[in-house]
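Novice: Here it is, the structure in full.
See below:
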């Protein structure tokens with residue numbers, strides 16, 4: 312491999328590693344957001360059972 316090709320391959324490898332790191336971080340944040348959103352929606356849908364009179 313020529314020196315120029317080797318430098319290109321190393322640069323590409325670094326860029327791919329950086330992109331992978333960014334994707335992993337994005338997915339972690341997205342999962343946290345979805346979990347929080349699910350919990351908030353579940354809390355909103357709960358009925359105030361102590362105020363409802365059941366006959």
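In the numbering used here, the protein residues as written are 312 to 366.
Built from N, CA and C at the ideal position, the CB exists for glycine as well.
1) Between which residues of its own chain and residue 355 is the CB-CB distance below 6 Å, once the five residues before and five after are set aside?
2) Out of curiosity, what's the CA-to-CA distance linking residue 334 and residue 350?
3) Between which two residues does the alpha helix (DSSP H) containing residue 357 stretch?
Specialist: From the atom records:
1) If you number the chain shown from 1, residue 355 lands on position 44. Sequence-distant partners of residue 355 (beyond 5 residues in either direction) whose C-beta falls short of 6 Å from its own C-beta are missing from its chain.
2) Within the chain shown, residue 334 is the residue found at index 23, counting from 1. Within the chain shown, residue 350 is the residue found at index 39, counting from 1. C-alpha separation (whole angstroms): 24 Å.
3) Taking the chain shown and counting its residues from 1, the one referred to as residue 357 is at position 46. Looking at the DSSP string, residue 357 is not in any alpha helix (DSSP H), and its letter there is neither H nor E.
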